[in-house]
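Trainee: Numbering of the sequence shown is given in this note's numbering, commencing with residue 6 and proceeding in unit increments.
C-beta atoms are modelled at their ideal positions from N, C-alpha and C, and glycine is treated no differently.
Please see the structure below; I have some questions.
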Amino acid sequence: MTYEQSLEYLAGLSKFGIQLGLSRIEKLLEFMHHPERRFKTVHVTGTNGKGSTTAMIRGILTASGIKTGMYTSPHLVDYTERMSIDGESVSRQVFGETIGYTSRFVNQMAAEGWEHPTEFEVLTAAAFYYFAAAGVEYAVIEVGLGGLLDSTNVILPEAAVITNVTLEHTDRCGSTIEEIARHKAGIIKPGVPVITAARGAALKVIDCTAREKDAALYVLGRDFYGQFEGSADYRQKITIQTGRFGFLGAFSLNLLGRHQVENCAVAIMTAMLLAGKDSRIDVAAIREGLARVRWPGRFEIVSRQPLIVVDGAHNPDGARTLRESLDEFFPQRQVTFLLGILQDKDIAGIVKNLIRPQDQAVVVAPLSERAGDPAKVAEKIVARHVETASSIAAGIKRVKVLSGDQGLICMAGSLYLIGTARQLIGG
């Protein structure tokens with residue numbers, strides 16, 4: 006397949022929807038002779054921060070001289086972003102060839118009467134094949150949805166990472182923190198160490214599952230600690246203390262936001278545990294990997310004049326974290342939001358946590374079939390000035406006018422908005 010043909014093929018798979026369960030992906034990988042068994046993995050889940058943490062762990066492994074794949078979702082602009090090796094996304098040509106190769110086995114499954122895989126399952130199997138064919142030693146795999154029944158949960162990782170747990174995907178993973186935590190804890194495998202920043206009721210579920218699986222559990226705030234030490238030139242300094250490895254020193258990170266302190270601590274603790282099996286991983290490599298890591302669309306400064314921050318915050322907890330980061334790093338700036346939220350999200354919770362009465366907001370529709378109606382979203386916003394725009398491009402023009410030379414523009418609410426906005430403003 007060409008890249009264009011692969012996109013048409015994937016679009017055709019959307020009719021199978023989102024279906025949790027492992028039977029289809031397991032059968033597909035069986036047909037493909039189990040590419041996922043040809044490299045080591047780290048499995049990462051969580052409500053917020055799992056993408057950033059995945060990128061940090063990948064960066065550390067690459068800096069250690071280890072050829073490392075990374076599988077994430079969704080993408081901001083291009084499907085090729087989902088599969089990368091040592092920070093370089095798969096080329097469009099190879100992406101098309103990889104999807105074409107995987108489709109042959111999908112067709113075999115269908116011909117033999119097996120249930121047809123979903124789009125995400127085909128992408129996951131294709132990523133495993135791509136990594137195996139490229140000869141990676143490690144792949145850091147981000148969960149798509151939940152954990153227990155997510156199609157990535159066919160791997161036996163070297164470490165299982167659960168960043169945090171808050172309410173999300175309640176239509177699929179349960180209506181309580183405990184039920185959602187059981188899905189997240191589903192990635193825990195017998196004897197495999199677990200690293201988490203979860204708290205409260207979620208941590209109790211994770212701890213119980215780890216005990217059942219005889220898996221060592223390392224908890225942020227109990228077994229290791231991250232401390233924010235200050236920021237300068239859009240970078241922050243973090244110190245890490247662990248019970249097992251002692252004080253590890255200071256680390257520089259160009260991912261902003263206090264929430265990244267937690268994510269960074271989780272990534273470092275994971276790397277230190279992996280170092281016990283691979284001498285190439287050490288504190289120097291961790292420091293180098295973190296200093297270079299980038300994760301687009303998450304509290305990312307894409308322009309300094311005018312000052313524009315983009316963040317894919319798409320749930321109340323993510324919105325709260327974004328607001329705290331804005332207040333900390335830019336306390337004197339008037340904030341003008343470009344906001345786009347999907348209709349199946351907690352719109353009221355997001356805008357309540359994110360937008361203050363003194364702010365301004367322009368609401369648009371993200372490029373998604375699930376986009377929330379801008380007028381209905383705007384009705385829930387209490388701010389000094391609120392309006393809607395007919396497109397993302399029109400919204401960008403309006404926020405620039407409203408913000409003026411000294412204001413701060415923040416684009417948030419959905420990755421479907423952020424991806425398009427970054428393209429339009431040259432991010």
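Taking the alpha carbon of I90 as the point to measure from, which residue in L81, L422, A68 has its own alpha carbon closest?
Mentor: Checked all of L81, L422, A68; the closest Cα to I90 is A68.
Trainee: Please name the residue, chosen from L225, V406, A296, R97, that lies closest to F342 on a Cα-to-Cα basis.
Mentor: V406
Trainee: Sorted by chain position, which residues of the same chain lie with C-beta nearer than 6 Å to S247's C-beta, five sequence neighbours on each side aside?
Mentor: As written in the sequence, residue 247 is Thr, which differs from the Ser given in the question. Here the set comprises F229.
Trainee: Looking at the secondary structure, which residues open and close the beta strand (DSSP E) in which V49 lies?
Mentor: 45 to 50
Trainee: Return the residue from the list R309, H80, P79, V271 that minimises the CA-CA distance to R227.
Mentor: V271
Trainee: Which same chain residues, not among the five before or five after T425, have their C-beta less than 7 Å away from its C-beta?
Mentor: Spatial neighbours of T425 in its own chain (CB-CB distance under 7 Å, excluding positions within 5 residues in sequence) are listed in chain order as L372, I397.
Trainee: Given that a residue counts as buried once 16 or more other Cβ atoms are within 10 Å of its Cβ, and exposed if not, what is L258?
Mentor: Burial call: buried.
Trainee: Out of R216, Q411, G418, E35, which one is the CA nearest neighbour of D351?
Mentor: G418
Trainee: Kindly indicate the opening and closing residues of the beta strand (DSSP E) around V224.
Mentor: 222 to 224
Trainee: Can you give me the C-alpha to C-alpha distance between A130 and A366, rounded to a whole angstrom?
Mentor: 41 Å
Trainee: With DSSP as the reference, identify every bridge partner of V111, one or two as the case may be.
Mentor: Partner(s): none; V111 has no beta bridge.
Trainee: If K189 sits next to I160, beta carbons under 8 Å apart, how far is it from one beta carbon to the other, in whole angstroms?
Mentor: K189 to I160, Cβ: 16 Å. No contact.
Trainee: Going residue by residue through the region 279 to 358, where are the continuous alpha helix (DSSP H) segments of at least 4 residues, counting only ones entirely within it?
Mentor: 288 to 297, 321 to 334
Trainee: Between the region 7 to 25 and the region 146 to 156, are three or more C-beta pairs nearer than 8 Å?
Mentor: yes
Trainee: For I243 and I414, I'd like the C-alpha separation in whole angstroms.
Mentor: 27 Å
Trainee: What's the call for F44, buried or exposed, on a 16-neighbour Cβ count within 10 Å?
Mentor: buried
Trainee: To the nearest angstrom, how far is it from the Cα of A221 to the Cα of T46?
Mentor: 17 Å
Trainee: Would you decide whether F133 is buried or exposed? Buried here means 16 or more other CB atoms lie within 10 Å of its CB.
Mentor: buried
Trainee: Output needed for Y421: all residues of its chain with C-beta closer than 6 Å, excluding positions within five of it in sequence on either side, in chain order.
Mentor: P371, L372, S373
Trainee: Starting from Q24, trace the beta strand (DSSP E) in both directions and tell me its first and last residue.
Mentor: Neither: Q24 is in no beta strand (DSSP E) and is coded neither H nor E.
Trainee: The alpha helix (DSSP H) spanning E124 covers which residue range?
Mentor: That run of the alpha helix (DSSP H) goes 124 to 139.
Trainee: Would you decide whether H390 is buried or exposed? Buried here means 16 or more other CB atoms lie within 10 Å of its CB.
Mentor: exposed
Trainee: Return helix, strand or coil for R389, following the three-state DSSP convention.
Mentor: coil
Trainee: Are the Cβ atoms of G302 and I65 separated by less than 8 Å?
Mentor: no
Trainee: Cα-Cα, which of A388, E117, A237 is closest to L260?
Mentor: In terms of CA proximity to L260, A237 leads the group A388, E117, A237.
Trainee: Mark V141 as exposed unless 16 or more other C-beta atoms lie within 10 angstroms of its C-beta, in which case mark it buried.
Mentor: buried
Trainee: With a 10 Å radius around its C-beta and 16 neighbouring C-beta atoms as the bar for buried, classify R42 as buried or exposed.
Mentor: exposed
Trainee: Helix, strand or coil, according to DSSP, for Q365 in the structure here?
Mentor: strand
Trainee: Name, in chain order, the residues that DSSP records as bridge partners for Y230.
Mentor: Q246, per the DSSP bridge assignment.
Trainee: For H39, count neighbouring C-beta atoms within 10 Å of its own C-beta (all shown protein chains included) and say buried if the count is 16 or more, exposed if not.
Mentor: exposed
Trainee: Given a cut-off of 8 Å, decide if H264 and I146 are closer than it, judged by their beta-carbon atoms.
Mentor: no
Trainee: Please report the distance separating the alpha-carbon of R2 from that of L359.
Mentor: As displayed, the chain neither begins before 6 nor continues past 432, which places residue 2 out of reach and without an answer.
Trainee: Use the C-beta contact count for D316: other C-beta atoms within 10 angstroms, 16 or more gives buried, fewer gives exposed.
Mentor: buried
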